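Here's the structure we're looking at; comments come further down.
Chains as they are written, first to last, in my numbering: chain A, 439 to 1022; chain B, 92 to 340.
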């Protein structure tokens, strides 16, 4: 194929990519959606607008502005109609091209190699019309690569056939699909060990079946002891989150929650007993009682956290069969989750103050999850390596999980020597501001706020001393210091993209920061970004990481031998919410 | 795989094919002939030019690196655009990094948008002050404030446009942007999941387009190259996917 923009000749069947609206060469293969597509698009939008519209009809008083809602609905319908009319797709030799939009036009090219799942969704209405919603999904990202809403069953079958036929080196054996996109491949609704024996087992195609065969019987890598489960509850403090959520729900109604009958009774009881207690005791006793009550409440919260942890992480175990990592945990609901080791993108080690107190660390995994896996929630996604593990066991456990990880051999590089100065200055500025506000508000007692500078400066020192990065043949590691310490471990070949960034403050001090991105859904919101690097070091590091990312991507493409998907030979239609998974 | 041996592929790299852009007579000239103001040149400027010869040096005081010569991708020595076959990784490494031409209208668009938005913001602040709170602001102050805000916004937009740079490296695409908060995002070509070329009504009128590269990443999942010429965007898209398919990237 020549490098020039295809001007109609479309060599080797690559779809025309010229000026939008110019259908040169496309006519023969161009496809549209089903003529009734607009209806389904509209229904999809109406589902979201149904409640307001009903409210308008029921409570409306015929005011002029209420008509605006109707006008908006009509405009929406018109827009849906026009957009569905403008939707075109066609198949090249190696890619699917989708063109849509009337004013804001988009032409999307999806290489076949990146399509790993073809998902059909059929509701009763779809079946009445003999159509289906088709979603083409890849491993990463939160959105499908393409959504076709809706096409006829015949068109869907044609598309599947074309996908299968036009890919030159489609792996015929289960092994090919097995390797998938080298760690990005996600079996949609394919039975992971989590749902072994599930209802859809019979309908899933051969490749998925092959995936279940383990290389050898699984060995146990880690088991969470009862004591550590309790400790995890104490550390996680999820009880606080639960109580906060409960308060949120209570007050969300807008009214006074005391109006609720059950709570009213409780509130009255509390007030009366408190009143009689206050009347009968002196100030010292009251302060003591208040302190006891406060401590008691905090203990109760921690106790609640422990109960929650016992329920969710009961008998946590991590197994490995040579290829696939599996976790299993839970008391009332037993959750099994798994991922092939190749899908592991990043491991995060967390160590807070309580962790340090107990001599433990938390190990979380980031796994490349497909769209459906994300949408379906946490069930099948591997999240933990170990919720809580003794610090001394961490290196061995990580090496067992991923032989490329050798924690002790990492050569940690410090950040810029002026990092402490910047952090400390920022802390002092914040403390000064806080003190000024407090002094203005309550007088000289506000000066006590100056004491907060002490833990702040300790945090700054810890941050500056502990924050570091390391790069070896296998691994890129970022350690973010502080009272809560985070370590990110990323296999070099898993890096998706690299960002070099400098804030105005960074530039004033000749610094910059480097972020690496991995696929999947992160369990830890913090990104693996090294802050406060010397600008030259940062640029050099970014260059090396970029090269690693490019090499990793190349290796992945080569290993997969493109394409990494395979269409199934059998379908499962028995899914409850009408989803037909064609797992690749 | 067969892509690698296709004759037009590699020799064409320094001199890629003509984009389907009516105004663009010369899609690419040798880097030596590249104009110094790559970002805002006339529409007949080359599609690609060596970044060292363009905005990179102009923006040197602002760049993140203290040493603009250290490039994130290539050898420190000035790369030669006549590097041999790109089919082998070694040869690919010898390829230079190209700066993609930005459509000159983009700068105008950004400035106009900045003026409009800052004016609206000024209205949103000044109107409640005067009408609701009854603050006695003289008309002159209102107008002067508006002029100041709009000028600052326009200057910022202008600076953003000058700093905005899209590069095609041998193994991926890099986008540099930001005036105060500066960033450089690199996406390897081999990591691209799918691409989009997007055009609004104004884009179509001006032959401008936005190329969006999607990766599987969490934080940098999409990389937008705005303000490319439409022919360039399509060319770049095809080239990236092409090389991906050929394994040469």
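The beta carbon of each residue, even a glycine, is placed where N, CA and C say it ideally should be.
As the structure is a computational prediction, the values presented were derived from the model and not from experiment.
Which residues of chain A have a Cβ atom closer than 7 Å to the Cβ of residue i, listed in chain order?
{"i": "residue 282/B", "result": "934, 935, 987 and 991"}
{"i": "residue 292/B", "result": "541"}
{"i": "residue 332/B", "result": "533, 547 and 549"}
Could you tell me whether the Cβ atoms of residue i and residue j are closer together than 8 Å?
{"i": "residue 588/A", "j": "residue 478/A", "result": "yes"}
{"i": "residue 569/A", "j": "residue 591/A", "result": "yes"}
{"i": "residue 935/A", "j": "residue 288/B", "result": "no"}
{"i": "residue 701/A", "j": "residue 742/A", "result": "no"}
{"i": "residue 984/A", "j": "residue 930/A", "result": "no"}
{"i": "residue 399/A", "j": "residue 801/A", "result": "Since the displayed chain A opens at 439 and closes at 1022, residue 399/A lies outside it and no answer follows."}
{"i": "residue 905/A", "j": "residue 885/A", "result": "no"}
{"i": "residue 190/B", "j": "residue 258/B", "result": "yes"}
{"i": "residue 197/B", "j": "residue 252/B", "result": "yes"}
{"i": "residue 321/B", "j": "residue 313/B", "result": "no"}
{"i": "residue 1053/A", "j": "residue 908/A", "result": "In this structure chain A extends from 439 to 1022, so residue 1053/A is not present and cannot be described."}
{"i": "residue 670/A", "j": "residue 747/A", "result": "yes"}
{"i": "residue 263/B", "j": "residue 988/A", "result": "yes"}
Taking its Cβ as the centre, do 16 or more other Cβ atoms sit within 10 Å of residue i, making it buried, or is it exposed?
{"i": "residue 554/A", "result": "buried"}
{"i": "residue 861/A", "result": "buried"}
{"i": "residue 707/A", "result": "exposed"}
{"i": "residue 193/B", "result": "buried"}
{"i": "residue 715/A", "result": "exposed"}
{"i": "residue 660/A", "result": "buried"}
{"i": "residue 719/A", "result": "exposed"}
{"i": "residue 486/A", "result": "exposed"}
{"i": "residue 655/A", "result": "exposed"}
{"i": "residue 1000/A", "result": "Note that residue 1000/A scores 46 on pLDDT, short of 50, meaning its location in the model is unreliable and no value can be drawn from it."}
{"i": "residue 971/A", "result": "buried"}
{"i": "residue 434/A", "result": "Given that chain A is displayed from residue 439 to residue 1022, the structure contains no residue 434/A and the question cannot be resolved."}
{"i": "residue 545/A", "result": "buried"}
{"i": "residue 527/A", "result": "buried"}
{"i": "residue 413/A", "result": "Residue coverage of chain A in this structure runs from 439 to 1022, which leaves residue 413/A outside it and unanswerable."}
{"i": "residue 276/B", "result": "buried"}
{"i": "residue 207/B", "result": "exposed"}
Alpha helix (DSSP H) containing residue i: first to last residue?
{"i": "residue 668/A", "result": "664-674"}
{"i": "residue 213/B", "result": "195-218"}
{"i": "residue 519/A", "result": "502-524"}
{"i": "residue 871/A", "result": "857-880"}
{"i": "residue 793/A", "result": "791-796"}
{"i": "residue 588/A", "result": "Not the alpha helix (DSSP H): residue 588/A falls in the beta strand (DSSP E), residues 584-590."}
{"i": "residue 294/B", "result": "292-297"}
{"i": "residue 567/A", "result": "562-567"}
Show which residues of chain B have a CB atom less than 7 Å away from the CB atom of residue i.
{"i": "residue 958/A", "result": "309"}
{"i": "residue 955/A", "result": "308, 309, 310 and 311"}
{"i": "residue 552/A", "result": "284 and 285"}
{"i": "residue 780/A", "result": "Here the premise fails: no neighbours, minimum Cβ distance about 14 Å."}
Starting from residue i, find everything on chain B with Cβ-Cβ shorter than 9 Å and list it in chain order.
{"i": "residue 854/A", "result": "Within 9 Å Cβ-Cβ: nothing; residue 854/A doesn't reach chain B, min ~12 Å."}
{"i": "residue 564/A", "result": "Chain B residues near residue 564/A: none, gap ~26 Å exceeds 9 Å."}
{"i": "residue 524/A", "result": "Those do not exist, as residue 524/A stays about 13 Å from chain B at its closest Cβ, beyond 9 Å."}
{"i": "residue 583/A", "result": "284, 285 and 305"}
{"i": "residue 806/A", "result": "307"}
Using a Cβ cut-off of 8 Å, pull out every chain A residue sitting near residue i, in sequence order please.
{"i": "residue 272/B", "result": "939, 940, 941 and 942"}
{"i": "residue 287/B", "result": "544, 545, 546 and 547"}
{"i": "residue 318/B", "result": "Neighbours of residue 318/B on chain A: none; closest Cβ ~16 Å, over 8 Å."}
{"i": "residue 275/B", "result": "937, 938, 939 and 980"}
Using a Cβ cut-off of 9 Å, pull out every chain A residue sitting near residue i, in sequence order please.
{"i": "residue 187/B", "result": "Chain A residues near residue 187/B: none, gap ~15 Å exceeds 9 Å."}
Residue i lies in the beta strand (DSSP E); which residues open and close that run?
{"i": "residue 833/A", "result": "No beta strand (DSSP E) holds residue 833/A; the alpha helix (DSSP H) holding it covers 832-839."}
{"i": "residue 824/A", "result": "822-828"}
{"i": "residue 773/A", "result": "773-778"}
{"i": "residue 315/B", "result": "313-320"}
{"i": "residue 190/B", "result": "189-191"}
{"i": "residue 659/A", "result": "657-661"}
What in chain B is Cβ-close to residue i, meaning under 8 Å?
{"i": "residue 965/A", "result": "309 and 310"}
{"i": "residue 475/A", "result": "Correct list: empty, because the minimum Cβ distance to chain B is about 21 Å."}
{"i": "residue 529/A", "result": "Here the premise fails: no neighbours, minimum Cβ distance about 14 Å."}
{"i": "residue 576/A", "result": "284, 285 and 307"}
- Task: Scan the region 229-280 of chain B and note each continuous alpha helix (DSSP H) run of 4 residues or more that stays entirely inside, going in chain order.
- Result: 230-254
- Message: If we require 3 or more residues per run, which beta strand (DSSP E) segments fall completely within the region 870-957 of chain A?
- Response: 906-909, 913-918, 923-929, 935-940 and 949-955
- Item | Uninterrupted alpha helix (DSSP H) stretches inside the region 690-770 of chain A (no shorter than 4 residues) | 699-717 and 721-751
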